[in-house]
Each structure stands twice: as C-alpha cells, then as structure tokens.
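Notes for the one structure printed next.
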Amino acid sequence: MKINCFVYKNKKYSIDKNGEVTRKSHSNIALIKYWGKHNKKIQIPLNSSISYSLKNIYTVTRLIYHKHKKEKKNFSIKIFFSGKEKTSFLPKIFDFFHRISFYCSYLLDFNFIIETYNTFPHSSGIASSASSMSALALCVMEIEKKLVSSLEEDFFLKKASFLARLGSGSACRSIYPGLVVWGNHKSIKGSNDFYAIPYPYKIHTIFTKLVNTILIIDEKPKKILSSKGHLLMNSHLYAKERFKSANKNMDSLISILKIGDFQEFGELIEHEALTLHAMIMTSRPYFLWMKPNTINVIQSVWDFRKESKKNIYFTLDAGANVHLLYPIEEKKIILKWIYSDLFSFCKKIIESFCY
Ligand code: DP6
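If you want my numbering, it's the 1-based position in the sequence shown plus 3.
This is the structure:
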C-alpha cells in the first residue's frame, strides 16, 4: 500500500456543521521495543517492534467539531483532560493536527474541543501518549467516515494507525487488539514502517491469555521524554548492534510464539527490557529511569521464579514501573505473591490483561 492513498483528496464534501465523535483506545506494552527513529524522516522507526494491547488501560476521547462560519482554512483547539482545561497539552496536539492535516485536509475547516480521560496516571511510564494519540486518530477517522460513506474498515484502521504514528510512534500499535507489529521486518509479511499490522502468524494458546500486572513504582512525570531518548540513538555507540539484536529477537519470537515456550519467551522479553534501559543508560547524555524499587522488584521476581518454578517474567517501559507477565492459569498463586511480597515496593498495583 502506497502512503499517498492516505491523502484525503475530495475537495467538496457535505457534513453537518457541528457534531461529535467518541473513541476509546487501549495502551500497549512492547515485547520487542521501538527505540530509535530516523532523524530526517518523520516518525520512522529504526527497528521493528511488537506489543500486546492492554485490557483495562485505556483513553476515552470525545472530539467535538464546529465548522467555521466562513472559509478560514485553519483550526482552533481546546482540550479538557479529566474535566479540566489543559493548555499544556496544546503544543503536542497542535503539532499532531498540523502533521496530519496534509492527509486529512478537512480538519482545516473546523474548530475542535477535545475531551479526554485515562484510566491510568499520565506520564507515569505507562504509555499514555500511545492510547491518547490512537484514540484521537480514531476520532479523526470517524469524521472522515462521515465524509466518505464507502470507507472500508480495513482502510479505516490502517489510516488510523498511520495517523496515530505521526502523533507518537508506539500509538500506531494501539489501534489493534492483541499482538501488533510495527516496522518493516523481513520475516513478517505486510510489516512496514508507516502503520502497524496485527501479528499475522500462529500464536500458541499460552500466549493468548496473559495477565499483565503493572507495578507503579513512580507516579511522577518522567524527566526524560521518550521522544528525546529516541533521537539519542542516532549517535549512540551501540545503536547498530541494538537494531540488529531487535530484528534477530523478532525472528526468535516468531518461533517462540508458535511453539509456546514460555521460558524462552520470558527470557527474551526481560532481555529486551534490560537492553532498552541499557541503551538509555549509555547514551550521551545518559539517564537512569529505574528507581531502587524497580531493582527490588526485579530481584524478587527472579528469586520467586527460581523457588516456585512459576512462569512470571517482567518487562519495562520508558520509566521506573514494572510490567509482570504470566499465564492466566497461574494467576491465583502469582497475584497472591505479588500483593504479599511486592506491594511494599509500589505506589499502586494495576491489574490488566494482554488481549
Ligand atoms: C520505550 O512512542 O513514546 O515505550 O514516537 O517519540 O512518541 P515517540 O515515542 P514513543 O516511544 C515508546 C518507546 C517505548 C518502547 C515501545 O513502546 O516500543
């Protein structure tokens, strides 16, 4: 599919002057991490990534639109987050709307009010930009659907993912449930750098019902935004090897997902998570996202796994929080252990599922 097909070409259209659309979008947690993007091209990743969408963790967005009275060709935006006006979100949202207006020229004919809320703390390391940008992209596509009655579902989702990517890379994976791939990979048919696709191959049943328990170690907004971290990969000493290893891990994961080897799966995702943090720790300037309690949790998981032989593994996002992944069959014992042994390291525990 050529990206030109995403440009909205119809100059004349009819739509009610005022209206609103609402969409919900789930956050996602990457197993193979997107870390590094081209510095000259817009939002093009330097390696392919794969994530699970998360069940209880989502953003709901209502996009209210009013058509300009006169031909104006520019939009205004007001944004409300959890009922309060949030002017600090405006620059990012304006950038996003300007970027996507090349593909959705009708946006220039409206003024917008965005009302949005999350079911989780924003800027805590849980990817709020992923679910919020994808919810917004879905809302924009709902408007486009009002303009083009013949819009097909497949195109709707592909373009939503394409637009979401222009807001935040990982957001393009939040358009679909389940395992989702973004970034061209030679072994994954249909994978590309412009929009995400549902993982197209066989998945063993053990990977279809995973529990995701998120340990919130730090609720404060991160000091180093991931968008800055990505760019540091362009001059990172170990970048080339990292991109090679991510792509190699994708090949390994394809066969792990088919065979159903949970231990291999767990070791791969822990290695990916620690590699992501190693990259940030060895960039220039260097940063540390982990907190002492991140390490306490990791060490406890390793000890518990050794003693109990349970299938529990961790992954990390761009922050201090820890995502624990384990099969639903083992939930009862593992969750009991989490609350008894890990609760003291956390500010909050969020129970979720990969779906
Ligand atoms: C560590 O998607 O937040 O979560 O494209 O600059 O918005 P931008 O970055 P973002 O990066 C996410 C990085 C990650 C890994 C991942 O989700 O793949």
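Glycine included, every Cβ here is placed at the ideal spot set by N, Cα and C.
Cα-Cα separation, residue i to residue j
i	j	result
K251	L228	27 Å
D1	S153	For residue 1 there is no data in the structure shown, the boundaries of the chain being 4 and 358.
K95	F113	18 Å
T62	Y358	16 Å
K43	W292	27 Å
M144	I103	11 Å
E267	A242	24 Å
G269	R308	11 Å
P180	N215	14 Å
I206	N59	22 Å
K72	N21	11 Å
I220	N299	10 Å
R168	E310	42 Å
Within 7 Å, strictly: CB atoms of residue i and residue j
i	j	result
Y198	F158	no
F84	L111	no
V184	S173	no
T318	A281	no
I178	L160	yes
H326	I259	no
I146	I117	no
H29	L66	no
K350	A323	no
H233	G39	yes
S419	I272	Within the shown structure, residues of the chain are numbered from 4 to 358, placing residue 419 beyond reach of any answer.
I2	F115	With the chain represented from 4 up to 358, any question about residue 2 goes unanswered, as that position is not in the structure.
A163	A140	yes
S303	D344	yes
T64	T119	yes
G186	S52	yes
Beta-ladder partner(s) of residue i, from DSSP
i	result
H71	Answer is none; H71 lacks a bridge partner.
K43	Answer by DSSP bridge pairing: none, since K43 is not bridged.
I298	Answer is none; I298 lacks a bridge partner.
S54	A33, V183
F115	Y68, I80
V214	Y329, F356
F317	L327
E88	F83
P48	K40
Where residue i falls, given that 16 or more other Cβ within 10 Å makes a residue buried
i	result
A249	buried
I32	buried
D196	buried
I36	The residue asked about is misnamed: residue 36 is Lys in this sequence, not Ile. With 16 or more other Cβ atoms within 10 Å, it is buried.
N296	buried
F346	exposed
I353	buried
Under the three-state DSSP convention, the category residue i falls into
i	result
I6	helix
Y109	helix
F354	According to the sequence as given, residue 354 is Glu; it is not Phe. DSSP places E354 in strand when its eight states are reduced to three.
V63	strand
R287	coil
V24	strand
W305	helix
S258	helix
A249	helix
P203	coil
I178	helix
K2	A question about residue 2 goes unanswered here, because the residues of the chain that appear run from 4 up to 358.
D155	Checking the displayed sequence, the identity of residue 155 turns out to be Glu instead of Asp. E155 falls in the coil class under three-state DSSP.
P342	Strictly speaking, residue 342 in this sequence is Tyr, with Pro absent from that position. The answer is helix: DSSP assigns Y342 an H, G or I state.
Minimum Cβ-Cβ distance from residue i to chain E less than 7 Å
i	result
T318	Going by chain labels, chain E is absent from the structure shown, which holds only one protein chain.
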